[in-house]
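Take a look at the structure set out below.
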């Protein structure tokens, strides 16, 4: 008991301090009839965070990366090579008690597992042993991976798990590589004072770019300035919303040279963004960063919008409506998630795929999608711990369930199909030191 107290003394004292502050805040509200203030909100949020940290510190289980099962089986449970997009599948997520990356063949054969555990990348910044979230990845053909360690920076490592560089730029959610190989990612931004947006100082996400060879920051786009310059600060006024997460930027993508002709209303270099908090997609002018197009309405907590060769923008519409449960059929309150297609020229939209009785599909938060060359869609159903490929008529032709135990699955943060040339990654030999 005394050893436990010594080991976790800092957490215990923090909890006592937070409880005392909550008591004082409640007393003040009751006796002095004060209105709730940002300080009280911060105290309550801190108390919740400390509770989570303590629970995870005492656990041998990565609780924050697990979900109750909604799909049976383990590993590849469906494989129909004749109707699948050829290639191999890259998965990022929780495998056992490690946060990492794997390559799989169509039949479920594990081709390569990177010898790295994201729970161990930044031990100096850990609140508990499972305090890490990997959100946003890019796989290079030589086996290098760039990934976001959420709110603690971007990391690049090689096929043998050796860290090539790591920055501390508070990036999160997505990674995009533009035509010149520059890395783009959403990032936590500074505190702002802008009366047209909020009565109090507030944090706001930004966009950052990085040198692929060193991880050095090259530029940062101020999205508060974007709103002011576009005359659209009313989009994010906080008076009826939380001022600590006004935009929740979860994707950035650059319109490249090859796709630009399919989007005559935009220009090469324009920037596609997704705001989960606003439930909107924006396109910024790549020169002055003002908003030149925006779309919202049908999506609920969307992720991962993409420019496509047919001139459409596809997006994973989470249909976010609460946690999945047996009571709601593990589909939330809106019947599940969807893949939407939007025509930016007209604003028309349609549903490419949605949850149905044949295949329940719902990820309340997170998730990715990839439109494949054969017309199929590969989906990372993150919260359900599954990646699956579906045909245009709704047939599941490949499915991987990331079982953790009989009742839980580990999150699948990303899924992507790559050509067979990427199999060469599995042929690289790494010795015990991580050399190749």
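Residue numbers (my numbering): 157 to 592.
Virtual Cβ for every residue (Gly too), placed ideally from N, Cα, C.
Keep in mind the model is a prediction, meaning the values are calculated, not measured.
Quiz item: Touch check for the region 542-558 and the region 496-507: three-plus C-beta pairs under 8 Å?
Solution: no
Quiz item: To which residues of the same chain is residue 449 closer than 8 Å at the C-beta, ignoring the five residues directly before and after it?
Solution: What you label residue 449 is simply residue 293 of the chain shown in a count that begins at 1. Once the five neighbours on either side are set aside, the close Cβ partners of residue 449 are 421, 422, 438, 439 and 500.
Practice problem: Using the Cα positions of residue 254 and residue 444, report the straight-line distance between them to the nearest angstrom. | Solution: Locating residue 254 in the chain shown gives position 98, where the first residue counts as 1. Locating residue 444 in the chain shown gives position 288, where the first residue counts as 1. Those two C-alpha atoms are separated by around 42 Å.
Self-check item: Inter-residue CB distance, residue 332 and residue 343 (contact presumed, cutoff 8 Å)
Solution: The count along the chain shown starts at 1 and reaches residue 332 at position 176. The count along the chain shown starts at 1 and reaches residue 343 at position 187. In fact, because the Cβ distance is near 13 Å, the residues do not count as touching under 8 Å.
Quiz item: Who are residue 424's beta bridge partners in DSSP?
Solution: Reading the chain shown from its first residue, position 268 is the one you call residue 424. DSSP output for residue 424 lists no bridge partner at all.
Practice problem: Helix, strand or coil for residue 379, going by three-state DSSP, please let me know. | Solution: Reading the chain shown from its first residue, position 223 is the one you call residue 379. Of the three classes helix, strand and coil, the one that applies to residue 379 here is helix, per DSSP.
Quiz item: Would you report the Cα separation of residue 416 and residue 384, rounded to the nearest angstrom?
Solution: Within the chain shown, numbered from 1, the residue matching residue 416 stands at position 260. Within the chain shown, numbered from 1, the residue matching residue 384 stands at position 228. In a straight line, the C-alpha of residue 416 is about 27 Å away from that of residue 384.
Quiz item: In chain order, what residues of the same chain lie with their CB nearer than 6 Å to the CB of residue 575, ignoring the 5 residues before and after it?
Solution: Within the chain shown, residue 575 is the residue found at index 419, counting from 1. For residue 575, where only same-chain residues beyond five positions count, the Cβ hits under 6 Å are 243.
Quiz prompt | Assigned secondary structure, residue 578 (DSSP; H/G/I helix, E/B strand, else coil) | solution = Position 422 of the chain shown, counted from the first residue, corresponds to residue 578. If DSSP states are grouped into helix, strand and coil, residue 578 belongs with the helices.
Quiz prompt | Pairwise C-alpha distance: residue 372 and residue 350 | solution = On the chain shown, residue 350 is found 194 positions in, with the first residue counted as 1. On the chain shown, residue 372 is found 216 positions in, with the first residue counted as 1. For residue 350 and residue 372, the distance between alpha carbons rounds to 29 Å.
Quiz item: Hey, does residue 442 have any beta-carbon neighbour from chain D nearer than 8 Å?
Solution: Looking for chain D here will not work: only one protein chain is present.
Self-check item: the ligand ADP heavy atom lying under 7 Å from the CB of residue 366
Solution: Only the bare structure without any ligand can be found here, which leaves the ligand ADP out of the picture.
Quiz item: Going by Cα to Cα distance, which pick from 377, 352, 265 and 370 is closest to residue 363?
Solution: As a working mapping, residue 363 is identified with position 207 in the chain shown. Here the closest residue by C-alpha is 377.
Exercise. Assign residue 479 to buried or exposed, taking buried as 16 or more other Cβ atoms, counted over all protein chains shown, within 10 Å of its Cβ.
Key: Here residue 479 corresponds to residue number 323 of the chain shown, with the count starting at 1. Classification for residue 479: exposed.
Quiz prompt | Beta carbon of residue 472 nearer than 8 Å to that of residue 404 | solution = The residue you call residue 472 lines up with position 316 of the chain shown. The residue you call residue 404 lines up with position 248 of the chain shown. Contact: no.
Quiz item: Are the beta-carbon atoms of residue 341 and residue 408 separated by less than 8 Å?
Solution: Sequence index remark: in the chain shown, residue 341 carries index 185 (1-based). Sequence index remark: in the chain shown, residue 408 carries index 252 (1-based). Cβ distance < 8 Å, so residue 341 and residue 408 count as in contact.
Quiz item: Can you tell which of 224, 352 and 216 has its C-alpha closest to the C-alpha of residue 481?
Solution: On the chain shown, position 325 is the one that residue 481 refers to. The candidate whose alpha carbon is nearest that of residue 481 is 224.
Quiz item: What is the rounded straight-line gap between the Cα of residue 467 and the Cα of residue 318?
Solution: Here residue 467 refers to the residue found at position 311 when the chain shown is read from its first residue. Here residue 318 refers to the residue found at position 162 when the chain shown is read from its first residue. The straight-line gap from Cα to Cα measures roughly 39 Å.
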